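**Q** The numbering used here applies: residue 736 is where the sequence shown begins, and numbers increase by one. Don't be surprised by glycine CBs; every beta carbon is placed ideally from N, CA and C. Values in this document were obtained by computation on a predicted structure and should not be read as measured data. Provided herewith is a single structure, encoded as structure tokens, for subsequent inquiry.
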Amino acid sequence: MVRRIDVTGAGGVRLAAWEFADPPKTDQPRASEAPGVLLLHGLMGRASHWASTARWLSERHRAVALDQRGHGQSDKAPEAEYTREAYVEDAEAALDQLGLGPAVVIGHAMGALTGWQLAAKRPDLVRALIICDMRASALGAASQREWEDWFRAWPTPFATLADVRKWFGEDDPWVERRTPSRGEFYAEVMHESPDGWRPVFEPRQMLKSRQTWVYDAHWEELAQVRCPALVVRGLDGELGRAEAQEMVRVLPRGQYAEVADAGHLVHYDQPEAWRVAIEPFLDGVLTG
């Protein structure tokens, strides 16, 4: 079962939050009493990408996934701010307005950066943090140009969703080997328009969002995270082992986990192995 709850983010932007809950069992706390979890997707993602994670989390937690500004069913206002501060304030607003805090914040990629920036800013709102495949190092101008070129390479509009799955799972120049889960991931962020299938987001807003972090390193904010934090990487993802282990060292209460046979979309590529990687950490937070 899932229900939508609208949240007002920074600058009045309307955000769609999605609460996942199974029918309560007699030995489970009511949702309002269960410890909160806020799930933050990465750039171009949406709350529904967390569905499988949120469903098992909802057995013991109040699990809410947020469509961040410019994504999913949240506002994509062209005049809105797409700064790091705005994304962090949105997450802060969601925790406050939904009564989730202090919560475990689980973030993928950009969502993970938002999570640790929020934890540094508002330690009272973040009980624990899971960082999934996000680098703390600056990526630089070349990386941003690669993304600009990549967006231009998309053969939009796609005629069918099958074409979406095939291009992102097989034909995309960024794909090193056939990856059906990647095709499914991108099919989920498409909607049907009069001329075919197009992304639910505006690519220029994605690039605008990305340029607010790509040129800077984020080690200082990482060091300010005082709650327990787990750094998770896919063995074939974008976060290398050496950098991940340095992030764990910099985090005052950092831990490390990795998922085999997973790329950047760790929780989407290997949902069962992802659960095995993070559940012991969550158990420790609940009993700590």
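Reducing DSSP to helix, strand and coil, say where histidine 953 ends up.
**A** Residue mapping note: residue 953 aligns to position 218 of the sequence shown, counting from 1. Here histidine 953 sits in coil by DSSP.
**Q** Which same chain residues end up closer than 7 Å to threonine 761 when comparing Cβ atoms and leaving out the 5 residues on each side of it in sequence?
**A** If you number the sequence shown from 1, residue 761 lands on position 26. Only weak support exists for where threonine 761 lies, its pLDDT of 47 falling under 50; the coordinates are left without a value.
**Q** Going by DSSP, what residue range makes up the beta strand (DSSP E) through glycine 842?
**A** Residue numbering aside, residue 842 sits at position 107 when the sequence shown is read from its first letter. Where glycine 842 is concerned, the enclosing beta strand (DSSP E) starts and stops at 838-843.
**Q** Can you find the residues in the same chain that come closer than 7 Å, C-beta to C-beta, to arginine 969, ignoring five residues on each side of it along the sequence?
**A** Taking the first residue of the sequence shown as position 1, residue 969 is located at position 234. Going by the sequence as given, residue 969 is glycine instead of arginine. Only Asp868, Val994, Ala997, Gly998, His999, Val1001, Asp1004 meet the Cβ criterion.
**Q** So what's glutamine 815 in DSSP terms, helix, strand or just coil?
**A** Taking the sequence shown and counting its residues from 1, the one referred to as residue 815 is at position 80. Per the sequence shown, residue 815 should be read as alanine rather than glutamine. Three-state DSSP puts alanine 815 in coil, outside helix and strand.
**Q** Are the beta-carbon atoms belonging to leucine 773 and valine 840 less than 7 Å from one another?
**A** Stepping through the sequence shown from its first residue, residue 773 is reached at position 38. Stepping through the sequence shown from its first residue, residue 840 is reached at position 105. Yes, these two residues count as a Cβ contact at 7 Å.
**Q** Determine the DSSP secondary structure at alanine 798, reduced to helix, strand or coil.
**A** On the sequence shown, residue 798 is found 63 positions in, with the first residue counted as 1. The three-state secondary structure of alanine 798, taken from DSSP, is strand.
**Q** So the alpha helix (DSSP H) glycine 918 belongs to, where does it begin and stop?
**A** By one-based count along the sequence shown, residue 918 stands at place 183. 915-922 is the span of the alpha helix (DSSP H), which, as asked, contains glycine 918.
**Q** Mind checking threonine 849: buried by the 16 CB within 10 Å criterion, or exposed?
**A** Counting from 1 along the sequence shown, the entry for residue 849 is found at position 114. With 16 or more Cβ atoms within 10 Å of its Cβ, threonine 849 is classed as buried.
**Q** According to DSSP, which residues form a beta bridge with aspartate 741?
**A** For this step, residue 741 is matched to residue 6 along the sequence shown. DSSP output for aspartate 741 lists Ala751 as bridge partner(s).
**Q** By Cβ distance below 7 Å, which residues in the same chain neighbour leucine 792 in space, the five residues on each side in sequence not counted?
**A** Locating residue 792 in the sequence shown gives position 57, where the first residue counts as 1. Within the same chain, leucine 792 has close Cβ partners Val772, Ala798.
**Q** Enumerate in chain order the residues of its own chain whose CB-to-CB distance from glutamine 980 is below 7 Å, with the five nearest sequence positions on each side excluded.
**A** Indexing the sequence shown from 1 puts residue 980 at position 245. The residues are Tyr991.
**Q** Please report the distance separating the alpha-carbon of tryptophan 932 from that of methionine 925.
**A** On the sequence shown, position 197 is the one that residue 932 refers to. On the sequence shown, position 190 is the one that residue 925 refers to. Distance between the alpha carbons of tryptophan 932 and methionine 925: 6 Å.
**Q** Quick check on this structure: which residue in Ala922, Glu881, Ala877, Trp909 has the alpha carbon closest to the alpha carbon of alanine 897?
**A** Position 162 of the sequence shown, counted from the first residue, corresponds to residue 897. Of the candidates Ala922, Glu881, Ala877, Trp909, the one whose C-alpha sits nearest the C-alpha of alanine 897 is Ala922.
**Q** Going by the CB atoms, is the gap between aspartate 810 and arginine 749 shorter than 7 Å?
**A** For the purposes of this step, residue 749 is identified with residue 14 of the sequence shown, where counting begins at 1. For the purposes of this step, residue 810 is identified with residue 75 of the sequence shown, where counting begins at 1. In contact: arginine 749 and aspartate 810 (Cβ atoms closer than 7 Å).
**Q** Please list, in chain order, all residues of the same chain as tryptophan 909 whose beta carbon is under 7 Å from its beta carbon, the five residues on each side excluded.
**A** For the purposes of this step, residue 909 is taken as residue 174 along the sequence shown, with counting starting at 1. Contacts found: Trp885.
**Q** Would you list the one or two residues that DSSP bridges to tryptophan 902?
**A** Here residue 902 refers to the residue found at position 167 of the sequence shown. According to DSSP, tryptophan 902 bridges with nothing at all.
**Q** I need the straight-line Cα distance from glycine 744 to proline 929, nearest angstrom please.
**A** By one-based count along the sequence shown, residue 744 stands at place 9. By one-based count along the sequence shown, residue 929 stands at place 194. Near 31 Å, if we compare the C-alpha coordinates of proline 929 and glycine 744.
**Q** Measure from the alpha carbon of tyrosine 950 to the alpha carbon of each residue in Arg880, Ala958, Leu974, then state which is nearest.
**A** For this step, residue 950 is matched to residue 215 along the sequence shown. Selected option, being the one with the closest Cα: Arg880.
**Q** Hey, how far is the Cα of arginine 900 from the Cα of glycine 1023?
**A** Residue 900 sits at position 165 when you count from the first residue of the sequence shown. Residue 1023 sits at position 288 when you count from the first residue of the sequence shown. Near 42 Å, if we compare the C-alpha coordinates of glycine 1023 and arginine 900.
**Q** Can you check DSSP and say which residues form a bridge with histidine 926?
**A** Taking the sequence shown and counting its residues from 1, the one referred to as residue 926 is at position 191. Arg933, per the DSSP bridge assignment.
**Q** Assign glutamine 879 to one of three DSSP states: helix, strand, or coil.
**A** As a first step, residue 879 must be located in the sequence shown, where it is residue number 144. It is helical.
**Q** Do phenylalanine 903 and histidine 806 have their beta-carbon atoms positioned less than 7 Å apart in this structure?
**A** In the sequence shown, the residue the question calls residue 806 occupies position 71. In the sequence shown, the residue the question calls residue 903 occupies position 168. Cβ atoms of histidine 806 and phenylalanine 903: not closer than 7 Å.
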